[in-house]
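**Student:** Just so you know, the sequence shown maps onto residues -23 to -1, 1 to 742 in mature numbering (1 follows the signal peptide of the UniProt record, and there is no 0). Virtual Cβ for every residue (Gly too), placed ideally from N, Cα, C.
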Amino acid sequence: MRNRIFAASAAMPALLCAAPVLAQSSAPDNAGASGTIPGTPPAPTSEAEPAPTTDGVGDIVVTARRREESLQSVPVAITAVSGQDLETRGVRSVDDLQRAVPGLNVTGQRRDEANFYIRGQGPGVINSGQRNFTSVATYFAEVPTTIGGPGIFFDLASVQVLKGPQGTLFGRNTTGGAVLFEPVAPVDSFEGYVTARAGNYDYREVEAVLNVPVIDGKVALRLAATAAKRDGFTRSVLSGQKLDGRDYQGYRASLLLTPTDGLRSLTIYDRRDKDQSGTSAVLRQLNPAVATSAALRTFFATQQALGPRRTQIATPLYDEQVSWGVTNKTTWELSDMLTLKNIVAYRRYRANVGNDYDGTPFVTISQLNAQGGRKWQTGQNQFTEEFQIQGQVSAASLNYILGYYHELSKPGFEQEVPQLSFGTLALRRNSNRDVSDALFAHAEIDLTQALQLSGGFRYTWDKRDAGLSVFNTAGACTQRVPAGTGPLVCPFTATGKFKSPTYDATLQYKLGAEILAYVSYRRGYKSGGFNLPSPVQQFTAYDPEKVDDFEIGLKADWDIGVPLRTNLAAFIDKYKDIQISQPITVPGVGLTSLVQNVGKATNKGFEFEGTIVPVRPLSISGYLSYLDAHSDVTVPGTAAIKGRQTAFQPRWKWGVSGRLAVPVAEQLGQVALAADFAYQGKATTNETNPALIGSYPGYGLLNARVELNEIGGSSVDLALFATNLTNKTYILGGFPLASALGYETAFYGEPRMYGVSARVRFGAR
């Protein structure tokens, strides 16, 4: 029985949320590994704390080039959301995060999973137990991780979303982008806070932070934890279970050692436990040309009468996960011109997840929770080591980074996923061993005071081993290779080696003290892999994906009588052998994912973000993004249909937010009102059938918050909040199988949520 401390409070309606803090420089443009250069003031301790400026617009320090820099000085398309803005906007999950970031989308088959899409590129393989090299990598404290959902959004310095291929500076190659979660580091002062939140659907959450300077200037410890619980909002009319609930705990301990000048070692232990109801599946539509079953048509008619908040799933579903990791980041400044940095980490993940994909009383396609006394279905043990040499050559106005990266990942135990397919139970046992090694280099040289050239090169070697066995309940092998037609083979294994160079070059020019223009070219790479099993032998392995990315951008702060910031980036990505995943069913195996290289594809678009402070108490921010992502060719028998928008990717996204500080008597405290509205257009769900085009409707969400801070001059803050204020019904993801099986299911976003939060701060801040 877990110990939880929850604060109870009456649920209240509320108002509003603020925008990401964008602004002017709070860190030197050429900061070193620790964010400073000898002789300059240190950068903020928290790597993305907003730094207020005299004009009323704050800044965020980002680490996109593996050192601390002002957001406005980095020639990369980045959206950075500070820890304070995460709180103000009510961001508690990846689903919440997408409404704050242009060009970022989240979808999949399960709620709260970090299935990120950036510029049309997404997670790829969906098979449980099969490891996937995603197009968008997720990092925690500079270490790749698969975890990015609830239980990680607490005591964060920032979340940074980097758009476009990443590889020459980051641990793992990606073709779409990267999402960086940066926790707050320990500081040399005694401080902390306790926050309690409560709301409708029996929502309860407690978050606490304690920072202790164990030895002044030498040792600092920071402890942080959160625990949350909320009832589900989708009920099964058959089992009575409330699906889509939340029940998780997150823990973090960070120890900072600075024994001597120039030596800094930060060790972080983090853990997340999740034990909650599973994700709902609501039967949404039928394809009458395929769905000829009278029973299925009856279930569909019943579902239409039930609506989106009730489902016909007969089997209780549970989502249990445990993940933890230990990370050490050590930097040693050998001299004013040379710094060594090492990042070593071990991460472990275990999951037991039940899914019903068809949303009917029939167990047509389902993933059952662990059977036969097993605790876990799937998992992954990951070890990473990254070593960097960071230096400067003052005479040549040159900064550089040389590095080596190593990653080893394997399950650590025998995985087994029970899957029901058309009434037949199959036990899938996946295995994998992935090793990735890379050498990389990056340099920046000032050609003039205004003109800088930067670029990098990386060479990556990937070795992948994978295996799959499928058994029936009697323990007999049912897997035929080629899938469904060949002889019985258990296990079916595959081994492959993939390697590729990646590189980039950027030219940036300062048009003025506050205006930066840049143009960049990046070559991206994503490892190849395996389909286990595949419908035909030729599809067992698929090749690496490569992309040529071209981007032009302008970051500017304008003086028009009031502070104004405008950041604009336009891009075009030309893909070769792009990997597209589509779900298929295989006799004797069940549901699986088929990944294929489908020739060429072009993704292009733009992203705009702006902030204005028309009067001192009011700030207004907004964003707009456009994406045109499609295959350049039609390939018969594959998921490529020329000109059709990539699945789950809306062409248009936009949002606007504002925050108003309301003048009140000083003895009362500080009152602030905030609100944000985010809209995204409709998205195609089907890439597999030229005659069928399914889609998710577009939708807009309004959120609001009212704050009373420092009540009566104290360290107590209160807030009323509401998300989805208009109670909009919208789709987050699902399982579009209408082309093959004749139906489509979806899971829906949260209804109106509202509540109250209270924070008590203590210590130095």
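Identify whether residue 743 lies in helix, strand or coil by the three-state DSSP scheme.
**Tutor:** What is shown of the chain runs -23 to 742, which leaves residue 743 out entirely.
**Student:** Take Thr661 and list the residues in its own chain whose beta-carbon comes closer than 6 Å to its own, dropping the five residues that flank it on each side.
**Tutor:** The residues are Gln622, Ala624, Ser672.
**Student:** Are the segment 540 to 555 and the segment 576 to 589 touching by the rule of at least three beta carbon pairs closer than 8 Å?
**Tutor:** Taking 8 Å as the limit for Cβ pairs, the verdict is that the segment 576 to 589 does touch the segment 540 to 555.
**Student:** What distance in whole Å lies between the Cβ atoms of Tyr334 and Ala451, which are believed to be in contact at a cut-off of 8 Å?
**Tutor:** Contact flag wrong, Cβ pair sits at about 25 Å.
**Student:** If we call anything under 9 Å between Cβ atoms a contact, is Thr235 one with Val191?
**Tutor:** Contact flag unset, no.
**Student:** Please report the straight-line C-alpha distance between Ser570 and Gln559, rounded to a whole angstrom.
**Tutor:** Distance between the alpha carbons of Ser570 and Gln559 is about 6 Å.
**Student:** Report yes if the C-beta distance between Leu637 and Tyr656 is below 9 Å; otherwise report no.
**Tutor:** In this structure, Tyr656 does not lie closer than 9 Å to Leu637 by Cβ.
**Student:** Could you give the DSSP three-state label for Ala173: helix, strand or coil?
**Tutor:** Strand at Ala173.
**Student:** Find the nearest neighbour of Gln556 within the set Thr361, Asp536, Ser608, judged by alpha-carbon distance.
**Tutor:** Ranking Thr361, Asp536, Ser608 by Cα distance to Gln556 puts Ser608 first.
**Student:** Judging by CA-CA distance, which residue of Gly148, Ile589, Val458 is the nearest neighbour of Glu362?
**Tutor:** The option with the nearest alpha carbon to Glu362 is Gly148.
**Student:** Label Val592 either buried or exposed according to how many other C-beta atoms from any shown protein chain fall within 10 Å of its C-beta, with 16 as the threshold for buried.
**Tutor:** Exposed, because fewer than 16 other Cβ atoms sit within 10 Å of the Cβ of Val592.
**Student:** Is DSSP giving Ala547 helix, strand or coil here?
**Tutor:** Residue state, collapsed to three classes: strand.
**Student:** Taking 8 Å as the cut-off, is the C-beta of Arg212 nearer than that to any heavy atom in the ligand SAM?
**Tutor:** With respect to the ligand SAM, the structure offers nothing, as it holds no ligand at all.
**Student:** Tell me whether the beta-carbon of Leu385 lies closer than 9 Å to the beta-carbon of Gln107.
**Tutor:** Not closer than 9 Å, so no.
**Student:** Could you have a look at Gly67 and say whether DSSP puts it in helix, strand or coil?
**Tutor:** If DSSP states are grouped into helix, strand and coil, Gly67 belongs with coil.
**Student:** Please report the straight-line C-alpha distance between Thr203 and Phe131, rounded to a whole angstrom.
**Tutor:** Answer to the nearest angstrom: the Cα atoms are 7 Å apart.
**Student:** Below 8 Å on the Cβ atoms is my guess for Glu584 versus Gly80; work out the distance and round it to an integer in Å.
**Tutor:** Indeed, because the Cβ distance is near 5 Å, the residues count as touching under 8 Å.
**Student:** Which of helix, strand or coil does DSSP assign to Thr279?
**Tutor:** Helix at Thr279.
**Student:** Can you tell me the Cα-Cα spacing of Ser23 and Ile492, whole angstroms?
**Tutor:** No answer about Ser23 holds up, because its pLDDT of 39 lies below 50 and its placement is not dependable.
**Student:** Residue range of the beta strand (DSSP E) that Lys577 falls in?
**Tutor:** 577 to 592 is the span of the beta strand (DSSP E), which, as asked, contains Lys577.
**Student:** Skipping 5 residues on each side, what residues in its chain have a beta carbon closer than 6 Å to that of Leu601?
**Tutor:** Correct list, in chain order: Phe585, Trp631.
**Student:** Which residues in the same chain have their Cβ closer than 6 Å to the Cβ of Val447, if we skip the five residues on either side of it in sequence?
**Tutor:** Hits under 6 Å: Ala403, Arg405, Thr455, Gln456, Val566.
**Student:** Using the Cα positions of Ser343 and Thr172, report the straight-line distance between them to the nearest angstrom.
**Tutor:** The straight-line gap from Cα to Cα measures roughly 39 Å.
**Student:** Return the CA-CA distance between Arg499 and Asp481, expressed in angstroms with no decimal places.
**Tutor:** For Arg499 and Asp481, the distance between alpha carbons rounds to 4 Å.
**Student:** Quick one: is Pro464 buried, meaning 16 or more other Cβ sit within 10 Å of its Cβ, or exposed?
**Tutor:** So Pro464 counts as exposed.
**Student:** May I ask which residues mark the beginning and end of the beta strand (DSSP E) holding Thr269?
**Tutor:** Careful: Thr269 lies outside any beta strand (DSSP E) and carries neither H nor E.
**Student:** For Leu48, report the span of its beta strand (DSSP E) as first-last.
**Tutor:** Segment: none, Leu48 is in no beta strand (DSSP E) and carries neither H nor E.
**Student:** Can you find the residues in the same chain that come closer than 7 Å, C-beta to C-beta, to Phe364, ignoring five residues on each side of it along the sequence?
**Tutor:** Closer than 7 Å at the Cβ level, and outside the excluded window around Phe364, lie Asn319, Gly380, Tyr381.
**Student:** Does the CB of Thr479 have a neighbour CB from chain B at under 9 Å?
**Tutor:** You won't find chain B in this structure, because it holds only one protein chain.
**Student:** Determine the DSSP secondary structure at Arg274, reduced to helix, strand or coil.
**Tutor:** DSSP places Arg274 in helix when its eight states are reduced to three.
**Student:** Run through DSSP, which three-state label would Leu(-2) get?
**Tutor:** Its pLDDT being 33, under 50, Leu(-2) is placed unreliably in this model, and the coordinates cannot settle the point.
**Student:** Which class does Phe117 belong to by DSSP, given the choice of helix, strand or coil?
**Tutor:** Here Phe117 sits in strand by DSSP.
**Student:** Given a threshold of 16 other Cβ atoms within 10 Å of its Cβ, counted over all protein chains shown, does Gly209 qualify as buried or as exposed?
**Tutor:** Answer is buried; the Cβ neighbour count reaches 16.
**Student:** By DSSP, does Arg286 sit in helix, in strand, or in coil?
**Tutor:** Correct three-state label for Arg286: coil.
**Student:** Is the segment 291 to 306 close to the segment 241 to 261, with three or more CB pairs under 8 Å?
**Tutor:** As far as the Cβ criterion goes, the segment 291 to 306 touches the segment 241 to 261, which means the pair count is three or higher.
**Student:** Measure the alpha-carbon distance for Glu182 versus Gly432 and round it to whole angstroms.
**Tutor:** Taking the straight line from one Cα to the other gives about 45 Å.
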